[in-house]
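Written out below as structure tokens is the structure these notes cover.
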Amino acid sequence: MDSPAQTIHRVLLAALAVLGGCAKSAAPGGQPAATSDPIREQLGLVAAPGREQVIAHCLVCHSSAIVVSNHLDRAGWEDIVDQMQHNGMRPIDAAIREAIVAYLERTQRPDESGAVDGPWAAPRYRPNPLWH
């Protein structure tokens, strides 16, 4: 017969085993649940090299919604960055510019827009109310 301390020990071990099984089965297929990306959840920007530069240099003036609603090829993104620099974007060096354009080219391609030609082409776009 077990002592009270041994019984408590066995109950605690059983409870930990059950809780461990619940934690493992939190995601489908028994895989651990994926970690969330709070920046993507809040801003819509995919985690990839260059995201920090886009946040630091583009979101100073624009909502992330305007970034994620556009889907361009490399030449299109280069034109946009040129236009922003002409319109008063703070000066950036060539390495930062390349990181921004490469990020946008990789994450905001024309073939991933879902509705380039339809009436809902830019559903998340909300112009800055101060521009009106």
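The opening position of the sequence shown corresponds to residue 0 in numbering that gives the first Met the number 0, with each subsequent residue numbered one higher.
C-beta: ideal position from N, C-alpha, C; glycine also.
Item	Value
Where the alpha helix (DSSP H) containing residue 106 begins and where it ends	93 to 106
Cβ neighbours of residue 47 in the same chain (closer than 7 Å, five flanking residues each side left out)	102, 105, 106
Residue 100 versus residue 80: straight-line alpha-carbon distance, rounded	8 Å
Exposed unless 16 or more other CB atoms sit within 10 angstroms - verdict on residue 98	buried
Residue range of the alpha helix (DSSP H) that includes residue 68	Neither: residue 68 is in no alpha helix (DSSP H) and is coded neither H nor E.
CA-to-CA distance, residue 70 to residue 110, given in whole angstroms	8 Å
Length of the line joining the Cα atoms of residue 51 and residue 65	16 Å
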